[in-house]
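Protein sequences appear in the order of chains A, B and C. Using our numbering, read the first sequence as starting at 3 and increasing by one per residue. Using our numbering, read the second sequence as starting at 4 and increasing by one per residue. Using our numbering, read the third sequence as starting at 4 and increasing by one per residue. The beta carbon of each residue, even a glycine, is placed where N, CA and C say it ideally should be. Just so it is clear, the structure is predicted and the values come from calculations on it, not from any experiment.
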Amino acid sequence: MNNKSRWALWIAGAVALFLYPRLFGIYYANIFVTFAIYALYAVSLNLLLGYTGLLSFGHAMYFGTGAYGTALALTHIKGLPLVPALLAGFFAAFFLAICVAPLVVRVGGNAFAMMHLAFGQLMFVLALKLRHITGGEDGVGGFPIPPLSIPGLFSLDMGDPILFYYFAVAVIAASLWLLWFFTKTPFGQIMVAVRDNTKRVDYLGFRVPHTKAVVYVIAGAFAGMAGAVYALFQNLVAAYDAYGILTSFVPVMMTMVGGIGQFFGPICGAGIFGVLDELTTRYTDRVELVLGLVLVLVIMYAPYGFTGFLTYLRMRWSASRAQRSPA
Amino acid sequence: MDASVAMYVAQGIHGLAYGMVLFLVASGLTLIFGMMGVLNLAHASFFMLSAYFGYQMVAWTGSFWAALLVAPVITAVFGILLERFLLKKVHAFGHMGELILTVGVSLIVLDGVKAVWGTESLPLKMPPVLEGLVQIAGMQYPIYRLFIIAMALVLLGILSLVLFKTRLGMVVRAAVSDAEMVNALGINVPLVFMFVFGVGTWMAGVAGVAIAPILTVFPGLADQMGMDAFIVVVVGGFGSLGGAFLVSIIGGLISSYGVQFLSQYAAVLMFVFMAVALAIKPKGLFGERD
Amino acid sequence: MNILETRSLSHDFGGLQVLKDVNLQVLAGERHAIIGPNGAGKTTLFNTITGTYTPSQGSVYFKGRNITGAGPCKIQRLGMGRSFQITSTFDRLTAFQNIRLAVLSQKGIRFNLLRFVDKMDTVTRDTEEILKRINLFEDRLTLAGNLSYGKHRSLEISMSLATNPDLVMLDEPTAGMSVDETHYAVELIRRLTEGKTVVIIEHDMDVVFSLADRITVLHHGTILATGTPDQIQQNEQVQSAYLGEMED
Chain A
3 MNNKSRWALW
13 IAGAVALFLY
23 PRLFGIYYAN
33 IFVTFAIYAL
43 YAVSLNLLLG
53 YTGLLSFGHA
63 MYFGTGAYGT
73 ALALTHIKGL
83 PLVPALLAGF
93 FAAFFLAICV
103 APLVVRVGGN
113 AFAMMHLAFG
123 QLMFVLALKL
133 RHITGGEDGV
143 GGFPIPPLSI
153 PGLFSLDMGD
163 PILFYYFAVA
173 VIAASLWLLW
183 FFTKTPFGQI
193 MVAVRDNTKR
203 VDYLGFRVPH
213 TKAVVYVIAG
223 AFAGMAGAVY
233 ALFQNLVAAY
243 DAYGILTSFV
253 PVMMTMVGGI
263 GQFFGPICGA
273 GIFGVLDELT
283 TRYTDRVELV
293 LGLVLVLVIM
303 YAPYGFTGFL
313 TYLRMRWSAS
323 RAQRSPA
Chain B
4 MDASVAMYVA
14 QGIHGLAYGM
24 VLFLVASGLT
34 LIFGMMGVLN
44 LAHASFFMLS
54 AYFGYQMVAW
64 TGSFWAALLV
74 APVITAVFGI
84 LLERFLLKKV
94 HAFGHMGELI
104 LTVGVSLIVL
114 DGVKAVWGTE
124 SLPLKMPPVL
134 EGLVQIAGMQ
144 YPIYRLFIIA
154 MALVLLGILS
164 LVLFKTRLGM
174 VVRAAVSDAE
184 MVNALGINVP
194 LVFMFVFGVG
204 TWMAGVAGVA
214 IAPILTVFPG
224 LADQMGMDAF
234 IVVVVGGFGS
244 LGGAFLVSII
254 GGLISSYGVQ
264 FLSQYAAVLM
274 FVFMAVALAI
284 KPKGLFGERD
Chain C
4 MNILETRSLS
14 HDFGGLQVLK
24 DVNLQVLAGE
34 RHAIIGPNGA
44 GKTTLFNTIT
54 GTYTPSQGSV
64 YFKGRNITGA
74 GPCKIQRLGM
84 GRSFQITSTF
94 DRLTAFQNIR
104 LAVLSQKGIR
114 FNLLRFVDKM
124 DTVTRDTEEI
134 LKRINLFEDR
144 LTLAGNLSYG
154 KHRSLEISMS
164 LATNPDLVML
174 DEPTAGMSVD
184 ETHYAVELIR
194 RLTEGKTVVI
204 IEHDMDVVFS
214 LADRITVLHH
224 GTILATGTPD
234 QIQQNEQVQS
244 AYLGEMED
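Structural data, given as structure tokens:
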């Protein structure tokens with residue numbers, strides 16, 4: 003694809019995103035915001051899982067911390083503007099990741115997965131028990147959602163779902179672009195190298211624990227960003243939704259279903275899950291059962307997920323084309 | 004005897020009993036991990052499933068003993084089916100595949116039991132013989148908890164006999180410390196794997212039925228026990244039975260005394276324990292691998 | 004001047020003594036071969052020098068600095084590169100990306116999160132130059148795991164050289180190669196290590212005698228002899244112990 007058609011594609015995408023809520027209305031705008039939040043959350047996890055080879059079953063600790071960070075900041079600080087509130091969530095997760103990173107970067111594989119399962123549950127239990135801060139099961143809710151404004155210039159009411167849609171999509175698109183950019187930097191290369199062959203990275207003179215730590219903090223902080231948008235979107239953050247075990251599993255599943263190690267894999271996964279969720283909740287409340295079945299089937303029959311399947315199809319297609327017209 | 008001493012002792016017995024049950028679950032988990040390198044995240048789901056089977060057996064036959072005998076065996080069959088038909092298929096995809104597969108299975112089991120038995124807490128009555136207290140040396144002990152401790156010790160005894168005195172046990176131990184060696188020995192590895200997986204699941208099943216009269220049967224059972232069992236395996240060191248035993252006992256006592264002294268934060272204590280232990284020894288107290 | 008020196012280096016695995024009192028001296032600029040029968044402790048010697056293991060006893064000096072117990076990463080940064088007997092590349096990355104990682108390391112670009120790596124022109128140029136020199140330019144977009152055996156080995160060796168180390172430790176670079184491939188690999192090593200110090204473990208005696216300035220013979224974890232190829236060939240002790248065992 004040349005540069006010009008690539009630009010055309012991006013502009014077409016932006017126009018589609020702009021027109022979408024006007025064409026489909028508030029209900030579908032909200033569904034799209036949910037999808038976008040999970041897409042960012044899953045992409046941040048994929049940075050660990052797909053790019054660095056670290057499986058976390060406790061990524062909700064960062065999503066939840068981001069959500070609580072923004073919710074609590076808005077509850078307790080009067081007149082806090084929108085962007086600082088968002089950053090409160092981002093940095094809450096960022097600092098948590100900085101504290102946890104030294105404990106977890108030395109281990110890998112199963113131990114890493116298990117420690118996160120435990121840490122994730124720890125946060126969940128804390129959120130339940132520290133009722134006076136987190137509101138326990140009921141959570142923190144009803145905090146004011148400030149408008150997006152530059153004093154004297156403009157002020158956009160975030161209570162308007164369509165305007166909030168634009169804000170959320172812009173924040174998430176910017177975050178996704180940043181994460182995509184990270185994977186294309188020299189550091190992004192070293193990160194992938196750690197997944198492929200940790201020993202050799204060490205022998206090439208790169209510090210493996212430091213590399214993992216940086217990836218870890220970025221992944222945590224952007225999960226926090228997803229959580230912060232979630233808090234503004236729902237205007238309610240409760241222990242189970244923020245830190246629950248399913249909240250940790252969901253991005254792992256999205257990544258697996260969408261395609262591990264590919265930047266757009268988790269985004270596809272989040273889309274597939276969004277559709278699946280709409281359909282299942284319409285017909286049954288056995289959501290976990292469906293999730294479990296999907297997970298088992300994917301790992302058994304399509305371990306590289308949706309994008310892996312697409313790659314496979316494309317290779318088949320180009321192979322058959324090459325056969326038909328030998329060069 | 005002083006009343007406060009009596010209370011300490013009673014909490015100690017509670018802790019020991021819970022630690023023993025914890026060990027029954029964790030030992031299966033660590034054996035399976037040591038032998039096959041599979042960290043079975045559905046292990047605690049089998050523990051819960053067995054408790055439900057036990058409840059159903061009692062509902063049908065009225066006999067706790069029938070439940071204790073039959074439910075774990077049915078559970079073990081489910082475990083073997085998982086190993087044969089699902090886990091084996093994803094082996095090529097590595098640990099990640101196994102972890103995710105077993106998460107999927109645990110979700111299916113969780114929602115499955117909710118669909119069949121509902122979300123209510125179901126009571127499972129202990130047999131009348133084991134009800135009440137027994138008087139030893141001027142102190143009173145709950146019989147049922149002593150029974151659990153005794154049963155777990157007997158199972159532990161049998162397990163160590165098999166592991167240390169039989170050829171099969173030697174193979175299993177060799178495989179735990181060096182999986183490649185077993186292939187070299189020319190042993191029917193798939194059969195041994197099936198055996199280990201079956202026994203591991205069976206022990207979790209026994210634990211499930213045994214603890215049901217104390218905790219009742221409910222869908223959250225797997226979460227609570229699963230998390231504690233994983234902590235035991237991680238802290239004890241992956242694949243180390245001795246480590247699992249020691250940490251189970253410590254864990255049982257921590258949660259028991261924790262409830263007494265720090266009831267508000269009891270649930271957090273195990274995690275704190277894990278964080279401290281791993282900060283000192285990243286591979287677990289007795290672990291040589293990760 | 005010794006660029007590398009081990010003093011009374013010993014290592015054991017759970018009581019099994021693999022290295023005993025090894026005093027290896029490598030002169031700056033020489034090509035130094037280490038030979039010895041299987042189980043003589045050659046790879047263990049490499050592992051204790053390059054930081055895989057901390058030796059049980061003794062010490063390692065590199066450029067006059069005590070590096071005993073330092074990790075692979077630190078030792079690499081001091082200027083010692085290493086290749087592996089069992090090919091150890093980044094198999095899901097392309098040949099180009101593999102070499103580029105080594106080039107990034109050589110340039111000290113480690114935590115750069117602010118630029119597209121594809122747009123770093125000097126990195127790309129250096130990488131392509133290396134790929135051309137090792138005849139892998141045509142295969143630059145092939146995943147390392149899909150390269151033919153000989154090319155995969157070339158990549159393995161070149162990665163350790165692409166970081167431009169002063170001393171390079173090659174662990175059986177020609178392991179498993181055909182006669183032609185071996186011949187090519189020897190030429191490659193000769194060409195790429197111009198002006199560098201090389202320590203090489205090798206089984207193929209033709210390679211050893213054509214490449215090495217000096218040879219150290221390791222036997223049961225101790226040094227039997229060190230000398231020029233001629234001296235080693237005429238050493239009776241070496242002949243009886245080493246060559247005798249080779250015929251077993």
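The alpha carbon of N32 (chain A) has as its nearest neighbour, out of A:T309, A:T72, A:V171, the alpha carbon of A:V171. If you draw a straight line from the Cα of W182 (chain A) to the Cα of L49 (chain A), it comes to about 10 Å. At a cut-off of 8 Å between C-beta atoms, A225 (chain B) does not count as an interface residue with respect to chain A. Taking C-beta atoms as the reference points, I16 (chain B) and P130 (chain B) fail to come closer than 8 Å. Distances from the CA of R176 (chain B) to each of B:V24, B:Y11, B:L34 were compared; the closest alpha carbon is that of B:L34.
Among the residues of the stretch 199–211 of chain A, those with a Cβ less than 9 Å away from any Cβ of chain C are N199, K201, R202, V203, D204, Y205, L206, G207, F208, R209, V210, in the order of the chain. For G294 (chain A), the nearest beta carbon of chain B is closer than 8 Å to its own beta carbon. Scanning chain A for C-beta atoms nearer than 8 Å to the C-beta of I139 (chain B) yields nothing, as the closest lies near 36 Å away. In this structure, the beta-carbon distance from G207 (chain A) to S108 (chain C) falls below 8 Å. Within chain C, the residues F114, N115, L116 have their CB atoms less than 7 Å from the CB of F189 (chain A), given in chain order. Cβ neighbours of S62 (chain C) within its own chain (closer than 8 Å, five residues either side excluded): T9, R10, S11, L12, N69, T71. If one requires a minimum length of 4 residues, the alpha helix (DSSP H) runs lying completely within the stretch 60–87 of chain B are 67–84, in chain order. In this structure, DSSP gives H98 (chain B) a helical state, which the three-state scheme calls helix. At a C-beta separation below 8 Å, L110 (chain B) has these neighbours in chain A: F251, E290, L291, L293, G294, L297.
In the three-state scheme derived from DSSP, where H, G and I count as helix and E and B as strand, T187 (chain A) is classed as coil.
L173 (chain C): member of the beta strand (DSSP E) spanning 170–174, first to last residue. Proximity to L110 (chain B) across A:F266, A:G68, A:V252, A:F308 peaks at A:V252, based on C-alpha coordinates.
Linking A73 (chain A) to L180 (chain A) through their CA atoms gives a straight-line distance of about 24 Å. I39 (chain A) and V173 (chain A) have their alpha carbons spaced roughly 10 Å apart. The straight-line gap separating the alpha-carbon atoms of N4 (chain A) and L134 (chain C) is approximately 26 Å.
DSSP places H134 (chain A) in the uninterrupted alpha helix (DSSP H) bounded by 133–136.
At a cut-off of 8 Å between beta-carbon atoms, G138 (chain A) makes no contact with chain B.
Pairwise C-beta distances place the stretch 191–198 of chain A out of contact with the stretch 30–42 of chain C, as fewer than three of them are shorter than 8 Å.
Distance from the Cα of F36 (chain B) is smallest, within the candidate group B:A70, B:F196, B:F56, for B:F196.
Taking a Cβ-Cβ cut-off of 8 Å, the neighbours of P305 (chain A) in chain B comprise V93, F96, G100, given in sequence order. It is roughly 12 Å from the alpha-carbon of D94 (chain C) to the alpha-carbon of S151 (chain C). According to the DSSP assignment, S86 (chain C) belongs to the beta strand (DSSP E) that extends over 83–86. Interface annotation for the stretch 93–108 of chain A against chain B: L105, R108, criterion Cβ-Cβ distance under 8 Å. Interface annotation, G203 (chain B): not in contact with chain A, CB-CB separation never under 8 Å. The way I'd put it, the stretch 234–253 of chain A does touch the stretch 117–129 of chain A; three or more beta-carbon pairs between them come closer than 8 Å.
Residue state for H155 (chain C) is assigned as helix, using DSSP reduced to three classes. When DSSP states are grouped into helix, strand and coil, T204 (chain B) belongs to the helix group. Chain-order list of chain C residues neighbouring V194 (chain A): L96, by C-beta distance under 7 Å. Residue range 19–25 is occupied by the beta strand (DSSP E) that includes K23 (chain C). Closer than 8 Å to the CB of G111 (chain A) there is at least one CB belonging to chain B. Under DSSP, S320 (chain A) forms no beta bridge with any residue.
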